[in-house]
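These notes are about the structure you will find just below.
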Amino acid sequence: MPEPTSMSEGAAKPRVLVIDDSRMVRASITRHIRESYEFREEADGDAGWQTLLLDPSVDVVISDLSMPRLDGYGLLERIRSSKIARIREIPVIMISGDEDEQARERARRLGASDFVTKGVGTTELLTRLESAIKAARLRRELDDSREAFTRAKPVDPRLGVVSREFLHSHGNQLLALARRQLAEVSVMVIEIDRFAELASRYGAQVSALVTRKLAKILAVRVRKDDSVAQIEGNRFCVVSPSVNVETYGAFAQRLRAAIEAIALSYRGEIIRISLTIGLANSKNDGAASIEDLIRAAAGRVVQGAVSGGN
77 MPEPTSMSEG AAKPRVLVID DSRMVRASIT RHIRESYEFR EEADGDAGWQ
127 TLLLDPSVDV VISDLSMPRL DGYGLLERIR SSKIARIREI PVIMISGDED
177 EQARERARRL GASDFVTKGV GTTELLTRLE SAIKAARLRR ELDDSREAFT
227 RAKPVDPRLG VVSREFLHSH GNQLLALARR QLAEVSVMVI EIDRFAELAS
277 RYGAQVSALV TRKLAKILAV RVRKDDSVAQ IEGNRFCVVS PSVNVETYGA
327 FAQRLRAAIE AIALSYRGEI IRISLTIGLA NSKNDGAASI EDLIRAAAGR
377 VVQGAVSGGN
């Protein structure tokens, strides 16, 4: 098994695993990348797989499709079905030669991150490697953020939603991450219509029941990556990463329909609830902070309420 190159002093370079049965192809690739990357070389997919299992420092794989013992397709299947997250999620760039488009499509379906042609130039190869490593790093950051959110989120025991302070703090973290990923964050502000009238007519106990009912429905219907908080007595806010405004609008309509289908009975009288919902999106609204997005969504709630609500 060829040894990796020695690291230069200073910051650690990303490590690339180059797998190809042609020594000339491996030499060509490593000549292009040696100034910017550490590398290991293997001559077939099975040896490459063993290296992945034993060397957790590998950041990206460059592999041929046609190889003895285990070809590129088989290697991709092993990688993407691995129970080890660092292996399962590693970027894999496939080397394509004379293979037809059908072969490339098969590799894509198996989880290839990108393709380079044999004899690729230095600039293009380095660009592909940099893009693959950057995408993997950003994905890990998002996963870490989600795990930290799941571990740390403080939940209001009455309603089962997070605190307003946590919503703002976590929302700004998601917004900063979305900017680095060129992704987006959406915000939904939900207001219970005619809430003051409801409280005046039926009392605080019934208005609190309506609030808890809405909180419970939200907790069930939002994704695990979303966060929900009560921001006022009759208002809730949902912050959602990686959701565009069209998808969010469809979700808002489903939420309204679910609430309208509920009939609460109080002293022989049926109480029905309706909502006014305002949406905001980081790409569409260009907000500098999560607070700006919440204000934009809340402003649309006010506009909706003036028009009659619901």
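Residue numbers (the numbering used here): 77 to 386. Just so you know, even glycine gets a beta-carbon here, dropped at the ideal spot from N, CA and C. Small disclaimer: the values here were computed from a predicted structure and weren't measured.
In this model, residue 236 and residue 252 are separated by some 26 Å (Cα to Cα). Distance between residue 311 and residue 335, taken at the CA atoms: about 14 Å. Look at residue 378 here: in three-state DSSP terms it is helix. With 16 or more neighbouring CB atoms inside 10 Å of its own CB, residue 317 falls in the buried class.
A straight line joining the alpha-carbon of residue 95 with that of residue 379 spans about 60 Å. DSSP places residue 262 outside any alpha helix (DSSP H); the residue lies instead in the beta strand (DSSP E), whose first and last residues are 261-268. In this structure, the beta-carbon distance from residue 356 to residue 348 does not fall below 9 Å.
Taking a 10 Å sphere around the C-beta of residue 143, we find 16 or more other C-beta atoms and assign the residue as buried. Cα atoms of residue 375 and residue 354: separation of roughly 7 Å, rounded to the nearest angstrom.
Beyond the five residues adjoining it in sequence on each side, residue 134 comes within less than 8 Å, by CB distance, of 91, 92, 93, 116, 127, 128 and 166 in the same chain, given in chain order. Runs of beta strand (DSSP E) with 3 or more residues, each lying fully within the stretch 123-204, are found at 134-140, 168-172 and 190-193, listed in chain order. Distance check between residue 110 and each of 182, 156, 202 and 169 places 202 closest, using alpha-carbon atoms only. Taking each of 306, 299 and 302 in turn and checking the Cα distance to residue 289, the smallest one comes out for 306.
Around the CB of residue 323, fewer than 16 other CB atoms lie within 10 Å, so the residue is classed as exposed. Per DSSP, residue 258 lies in no beta strand (DSSP E) and is assigned neither H nor E.
By alpha-carbon distance to residue 315, the top candidate from 300, 342, 279 and 213 is 300. For residue 330, there is no enclosing beta strand (DSSP E); the residue is part of the alpha helix (DSSP H) that begins and ends at 321-336. DSSP places residue 111 outside any alpha helix (DSSP H), giving it a letter other than H or E.
One thing to note: residue 274 has its Cβ no nearer than 9 Å to the Cβ of residue 265.
By a beta-carbon distance limit of 8 Å, residue 139 contacts residue 168. Their separation comes to about 6 Å.
In the DSSP assignment, residue 317 is bridged to 261. Per the DSSP secondary-structure output, residue 355 pairs in a beta bridge with 264. Between residue 261 and residue 298, the C-beta gap is not smaller than 9 Å, which leaves the two residues out of contact.
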